[in-house]
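Here you go:
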């Protein structure tokens, strides 16, 4: 760790910048050791090391200490300080290997804290959120905004906020009667507790009022099969890209036009009087009274933006707040979509 010279007589062979850098490192190390271990070595030894430290510090040019950098005196003082630290604090001095291991451990610990409690990365496997999110998008989810989510679990321990209508959320899906935690899903919350919701001709009706819609584009939309991360479409169908607005919130959805073979029984009007019982995340629930679904307290109703190709709340009911991991907020990969903020 020291400057590779035997004594101060070799100072002319050592670059002044290297001598200065090493001296600064030694003074910093000496200050830290004196603060943490000074009481253990006794007053006499501590004062001796402090004296060596101050003698070295006095030769280091700073804004306050306007001295001329002299390589030989500074090198001599550094060698004496290094020897004093080795003699009196050698047990506690860190090797370069130890410093590297500790730096790696701190970095890993910080990464785990961020991963478990603050931000988590997710990837999009299917087309259910087109056109907002595409297959292969990698995004970050803010896990802290809604509360404290327990690591390696499927429940939020301490909630302090609730998702708003329009938020794109990641949650853990579990089939009824399944004791094990399921997989992560990502959908958009379109209704909150107390809301009555239904669809009429591909248009959401919220609390008895059709929401505001605007056709953004008429185009050809890709149809994908059910294989995750399948980027090659099985075909194309006429569709519209639509902007939906509820209050101050708005988002973009994709709708296949009637007659397209890619439309499934999700499309058009929902719920249906003779539809089977809805599944429910964490418990069983009956199909709601026709024609509206009423969202219970502590839950959110979610749908995919690709309305005709999304298995969502129309199939399995409501998502409890406690199972929401967080809100998606930014795409970081692929690079063509990096820093795309999610709304």
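Numbering (our numbering), first residue to last: 29 to 371. Virtual Cβ for every residue (Gly too), placed ideally from N, Cα, C.
Item                                                                                                                     : Value
Per DSSP, cross-strand counterpart(s) of residue 298                                                                     : 227
Which of helix, strand or coil DSSP assigns to residue 257                                                               : coil
Candidates 212, 166 and 322: closest to residue 222 by CA position                                                       : 322
Span of the alpha helix (DSSP H) around residue 52                                                                       : 44-69
Cβ-Cβ separation, residue 270 to residue 241 (assumed contact under 8 Å), whole Å                                        : 5 Å
Distance CB(residue 252)-CB(residue 238) smaller than 8 Å                                                                : no
Beta carbon of residue 210 nearer than 8 Å to that of residue 200                                                        : yes
Those residues which DSSP pairs with residue 265 across a bridge                                                         : 249
contact_flag[the region 91-108, the region 56-64] where n(CB pairs < 8 Å) is 3 or more                                   : no
Rounded C-alpha distance that separates residue 333 from residue 137                                                     : 37 Å
Three-state secondary structure (DSSP) of residue 86                                                                     : coil
Contact check, residue 319 vs residue 226, beta carbons under 8 Å                                                        : yes
Inside the region 126-202 only - alpha helix (DSSP H) runs reaching at least 4 residues                                  : none
Spatial distance of residue 353 from residue 195 (CA atoms)                                                              : 12 Å
Alpha-carbon spacing of residue 159 relative to residue 280, whole angstroms                                             : 7 Å
As assigned by DSSP and simplified to three states, the class of residue 333                                             : coil
Given 8 Å, three or more beta-carbon pairs between the region 359-371 and the region 344-351                             : no
Buried versus exposed call for residue 140 [16 or more other C-beta atoms within 10 Å across all chains shown]           : exposed
Close-in-space but distant-in-sequence residues of the same chain around residue 367 (CB under 7 Å, 5 per side omitted)  : 358
Same chain, Cβ closer than 7 Å to residue 288, five either side skipped, listed in chain order                           : 265 and 266
For residue 233, the nearest candidate out of 84, 299, 133 and 114 (CA to CA)                                            : 299
Any chain B beta carbon closer than 8 Å to residue 297                                                                   : Protein chain content of the structure displayed is limited to a single chain, and chain B is not contained in it.
Buried or exposed (CB count within 10 angstroms, at least 16 for buried), residue 243                                    : exposed
Pairwise C-alpha distance: residue 212 and residue 152                                                                   : 10 Å
Best match in 131, 101 and 79 for proximity to residue 113 [C-alpha to C-alpha]                                          : 79
Buried versus exposed call for residue 117 [16 or more other C-beta atoms within 10 Å across all chains shown]           : buried
Distance, residue 57 Cα to residue 65 Cα                                                                                 : 12 Å
Residue 284 - containing beta strand (DSSP E), residue span                                                              : 277-284
DSSP bridge partner residues for residue 239 (one or two, in chain order)                                                : For residue 239, which the question treats as bridged, DSSP gives no partner whatsoever.
DSSP state of residue 362 mapped onto helix, strand, coil                                                                : coil
Helix, strand or coil at residue 352 according to DSSP, with G and I counted as helix                                    : strand
Nonlocal neighbours in the same chain, by C-beta distance under 7 Å from residue 293, ignoring five residues either side : The predicted position of residue 293 is uncertain, since its pLDDT is 47 and thus under 50; a value taken from the coordinates is nonetheless stated next. Hits under 7 Å: none found.
Where residue 370 falls: helix, strand or coil (DSSP)                                                                    : coil
C-alpha gap between residue 71 and residue 77, whole angstroms                                                           : 10 Å
Pairwise C-alpha distance: residue 54 and residue 126                                                                    : 17 Å
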